[in-house]
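Asker: The numbering of the sequence shown is the numbering used here, which starts it at 297 and goes up by one.
Every residue gets a Cβ at the ideal spot worked out from N, C-alpha and C, and that includes glycine.
Here you go, one structure.
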Amino acid sequence: MSQNNVLEIKNLAIEYVSDDEKSKAVNGVNIVIEAGKTLGLVGETGAGKTTTALSILNLVPEPQGRIISGQVFLEGDDVLKMSEKQLLDIRGNRVAMIFQDPMTSLNPIKTVGEQIAEGIRIHRKVDKKEAVKQAKEMLELVGIPSDRMLEYPHQFSGGMKQRVVIAIALACRPHLLIADEPTTALDVTIQAQVLALINSLKNSYNMSMLMITHDLGIVAEVCDEVSIMYAGRIIEHGSLQDIFDHMCHPYTKGLFNSVPDINNRHTELKPIKGLMPDPTNLPTGCAFHPRCNYARPECSQKIPEERHLSDTHTVQCHLYNDTVHNMLGEEG
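Rendered as C-alpha cells:
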C-alpha cells in the first residue's frame, strides 16, 4: 500500500444471506483514496455504496452480512483483521461516518453535548471538563450556539441535527471522513449550507473523504475523483474531468442524460430504461446489459474486465473501443 493512500479497498465482495436467498451486494470492488483527496461514489439506490462504506468500519451487519473476500486497508492497517478493541479505537477517531438520516443517527435520550463529548473523552483521553469544552467548540464550529449543549435532538431542526452529526464525526479530527448521502434528508435550502460546511471543515483539517451520493451536482462541487457503481461493481472510475468530460460507460452516460439541463429547458430527459437488477438474481455477464442500448451477445456471457484508458481513467465495458467511444461522445 502506498504511504500516500489513506484508504485502499482490494477485491471486496460482500453478500447478505437469509433462509432462502443470497444477495450479492458488493462484487469485487477496488477503491483508493489518497491523503487529502475526496472520492465520489455514485450510483442508484441498491448499488452497494453504503455496504462498501460500512466495510471500512467493519460494520457489515452479522450474521446476515458476510465479507466473502477482499481487504480494506486504512493507512496500511487491514481493518478486516482488527480485533474489536482495535476497531473501537479507530471508529470515530481515524475514520468517522456521517450517516444519511440524522433522525436515526442521534441518541434521543442524551443531550447533543453529551453525544459530542463522549467520543472526545474516549479517543482523546481527556477529563469530562475538557471534553465538554471541546464539544462546545465543535458546536460553534458547525454553526450552533454552544449554549444549546444541554438540549436534546428533538429540539433541533433537521438541518441542525445534521450539523450535530457532523460535529460528532469531526470531533476527533479523523483522517478519513465517510459521508453517506449527508444531505438527502434535508430540504433544498439547507442542503447547500451543510455541503459547504462539510467541504470547508474537510479542507481545514486536510482530511480525505468518501462522498456517497447519487447527486452529480454534489460530485462536481466537492470531489476530486469519481467511481461509478452499478450492481456491486465499480464500472467506471476517473478524475472529475475524466467522468464529466470523457465519460465512457453507457451507464455513466445514462446518469448524465437523466439530469435536467438548466441551459436548455427544451431538452428532453433520457432516463435509463428498466430498473437496477435484483441482487439476489443478478444477470449473467455485465449486470447492465439488460438496460444497455449498446449490448451485444458477449455482454450477457462474460463480466467485462477493467480497461485502463489513461493513468487516471478506467472502465469495465465490452463495448469500449474508439468507435463506440466516439459514438457515445457525439450523442452527448
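(1) Kindly list the residues whose CB is nearer than 7 Å to the CB of Leu605, restricted to its own chain and excluding five residues on each side of it in sequence; keep chain order.
(2) Identify every run of the alpha helix (DSSP H) within the region 326-396, keeping only runs that are complete inside it and at least 4 residues long; order them along the chain.
(3) Spatial neighbours of Leu482 within its chain, please: CB distance less than 8 Å, with the 5 preceding and 5 following residues excluded, ordered by chain position.
(4) Do Glu532 and Thr509 come within 7 Å of each other at the CB atom, strictly closer than that value?
(5) Beta-carbon within less than 7 Å of Lys320's beta-carbon, same chain only, minus the 5 sequence neighbours each way: which residues are those?
(6) So what's His419 in DSSP terms, helix, strand or just coil?
(7) What's the gap between the Cα of Ala349 and the Cα of Gly361?
(8) From Met635 to Arg420, what distance separates their C-alpha atoms?
(9) What's the C-alpha gap between Leu536 and Cys519?
(10) Can you tell me which of Asn589, Leu473, Gly336, Val368 puts its alpha carbon nearest to the alpha carbon of Asn326?
(11) With DSSP as the reference, identify every bridge partner of His604, one or two as the case may be.
(12) So the candidates are Leu571, Phe395, Thr346; which of them puts its Cα closest to the Cα of Ile494?
(13) Excluding the 5 residues flanking Ala516 on each side, which residues of the same chain have their C-beta closer than 8 Å to its C-beta?
(14) Under 7 Å, do Pro449 and Pro478 count as touching if we go by C-beta distance?
(15) Among the candidates Met572, Ile524, Gly550, whose CA atom is the shortest distance from the CA of Leu337?
(16) Let me check one thing: in DSSP terms, what residues is Leu308 bridge-paired to?
(17) Return the chain-ordered list of same chain residues with a C-beta closer than 8 Å to the C-beta of Arg603, the five sequence neighbours on each side being excluded.
(18) Suppose contacts are defined by Cβ-Cβ distances below 7 Å. Is Lys569 in contact with Arg587 by that definition?
(19) By how many angstroms is the C-alpha of Glu436 removed from the C-alpha of Asp385?
Answerer: A quick look at the data gives this:
(1) Cβ neighbours of Leu605 beyond the five flanking positions: Cys544, Val611.
(2) If we require 4 residues or more, the alpha helix (DSSP H) runs fully inside the region 326-396 come out as 345-352, 380-386.
(3) Counting only residues of its own chain and dropping the five nearest sequence neighbours on each side, Leu482 has a CB closer than 8 Å to the CB of Gly454, Gly455, Gln458, Val490.
(4) Cβ atoms of Thr509 and Glu532: not closer than 7 Å.
(5) Excluding residues within five positions, the ones whose Cβ falls inside 7 Å are Glu311, Gly528, Pro575, Leu578.
(6) Three-state DSSP puts His419 in a helix.
(7) Spanning the two alpha carbons is a distance of roughly 13 Å.
(8) Not covered by the structure: residue 635. The range shown for the chain is 297 to 628.
(9) Rounded to the nearest angstrom, the two C-alpha atoms are 7 Å apart.
(10) The shortest C-alpha separation from Asn326 is found at Val368.
(11) Bridge partners of His604: Thr610.
(12) A check of alpha carbon separations from Ile494 across Leu571, Phe395, Thr346 identifies Phe395 as the nearest.
(13) Same-chain partners within the cutoff: Leu536, Phe540.
(14) Their beta carbons are not under 7 Å apart, which means Pro449 does not touch Pro478 by this criterion.
(15) Closest by alpha carbon: Ile524.
(16) Secondary-structure assignment with DSSP links Leu308 through a beta bridge to Val325.
(17) Result list for Arg603: Thr610, Val611, Gln612, Cys613, Tyr616, in chain order.
(18) In this structure, Lys569 lies near Arg587, with their beta-carbon atoms less than 7 Å apart.
(19) A straight-line Cα-Cα distance of about 26 Å links Asp385 and Glu436.
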